[in-house]
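A quick write-up on the structure given underneath.
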Amino acid sequence: MFYVVFFALLSLTLTPIGNAVLCANNCNFASNLNNPTPPTCTYVDKPVSEHSCQVVLTIDYNSGAVNGILNSKIPPTSPNFDGVTVFSLAREAANLTIEFDCSDTDKCDFTFVDNLLKSDWSKLLNQLKPLRNVLVDMLIDSTTLDSNATCPARQPCSGTGFCRMVYKFGLIL
Numbered sequence: 581m582f583y584v585v586f587f588a589l590l591s592l593t594l595t596p597i598g599n600a601v602l603c604a605n606n607c608n609f610a611s612n613l614n615n616p617t618p619p620t621c622t623y624v625d626k627p628v629s630e631h632s633c634q635v636v637l638t639i640d641y642n643s644g645a646v647n648g649i650l651n652s653k654i655p656p657t658s659p660n661f662d663g664v665t666v667f668s669l670a671r672e673a674a675n676l677t678i679e680f681d682c683s684d685t686d687k688c689d690f691t692f693v694d695n696l697l698k699s700d701w702s703k704l705l706n707q708l709k710p711l712r713n714v715l716v717d718m719l720i721d722s723t724t725l726d727s728n729a730t731c732p733a734r735q736p737c738s739g740t741g742f743c744r745m746v747y748k749f750g751l752i753l
């Protein structure tokens with residue numbers, strides 16, 4: 581009995597716990613918000629000191645098209661989430677680009693994409709068109725596509741181009 585306990589304790593001390601992570605390897609995929617299909621990927625298992633998992637997605641709000649890549653990122657990076665929505669001024673188009681880095685659990689990249697695709701996008705999509713219209717009205721004359729003669733207060737204006745506006749929303753937990 582002593583040998584069994586000794587062997588179990590020895591194997592626990594020799595087995596690294598939590599120092600490796602399983603990440604997708606060069607996994608390109610396409611899906612749609614209306615009929616989401618998670619990606620099918622191959623995975624690579626390396627120590628967290630050598631790589632982290634990365635997701636880069638582009639979502640076309642109008643068509644619902646989702647294009648992305650899941651990949652092992654070398655050298656590893658800190659956990660990160662970055663999302664940028666770009667509105668077209670000339671037509672009703674909007675795209676969201678997301679970059680997500682993680683290394684906390686195996687397949688954290690896949691889990692993120694799977695949860696994102698399963699999310700209810702209807703509320704966000706219903707708010708996008710009015711938001712885009714407000715921004716366009718503030719930035720340009722939509723009938724001529726010329727920049728407004730005056731920009732909103734405290735906004736930089738080039739005089740020959742468009743006003744520039746940046747809206748940032750941060751969530752502090």
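Numbering (the working numbering), first residue to last: 581 to 753. Cβ atoms here follow ideal geometry from the backbone N, Cα and C, with glycine treated the same way. None of the values given here were measured: they were computed from a predicted structure.
If I follow the unbroken beta strand (DSSP E) through residue i, where does it start and stop?
i: residue 702; result: Per DSSP, residue 702 belongs to no beta strand (DSSP E); it is in the alpha helix (DSSP H), 702-719.
i: residue 607; result: 607-612
i: residue 682; result: 674-682
i: residue 621; result: Per DSSP, residue 621 belongs to no beta strand (DSSP E) and is neither H nor E.
Can you tell me which of the three DSSP states residue i falls into?
i: residue 763; result: In the structure displayed, the chain extends from 581 to 753; residue 763 sits before or after that span and is not available.
i: residue 666; result: strand
i: residue 651; result: strand
i: residue 814; result: This structure leaves residue 814 out entirely; the chain is present only between 581 and 753.
i: residue 628; result: coil
i: residue 657; result: coil
i: residue 729; result: Because the pLDDT at residue 729 is just 49, under 50, the model does not fix this residue reliably, and the value given afterwards should be weighed accordingly. Residue state, collapsed to three classes: coil.
Which residues in the same chain have their Cβ closer than 7 Å to the Cβ of residue i, if we skip the five residues on either side of it in sequence?
i: residue 654; result: 630, 631
i: residue 701; result: 613
i: residue 705; result: 641
i: residue 661; result: 680
i: residue 624; result: 603, 605, 652
i: residue 611; result: 617, 646, 697
Excluding sequence positions up to five away, which residues of its chain have a Cβ less than 6 Å from the Cβ of residue i?
i: residue 678; result: 637, 663
i: residue 607; result: 619, 621, 650
Near residue i, what residues of its chain come up, given a Cβ to Cβ distance below 8 Å and the 5 sequence neighbours on each side ignored?
i: residue 642; result: 672, 673, 674
i: residue 696; result: 637, 678
i: residue 656; result: 628, 629, 630, 631, 632, 683
i: residue 691; result: 685
i: residue 709; result: 672
i: residue 626; result: 600, 601, 603, 652
At least 3 beta-carbon pairs within less than 8 Å: the region 617-630 vs the region 659-671:
Three or more Cβ pairs closer than 8 Å define a contact, and the region 617-630 falls short of that threshold against the region 659-671.
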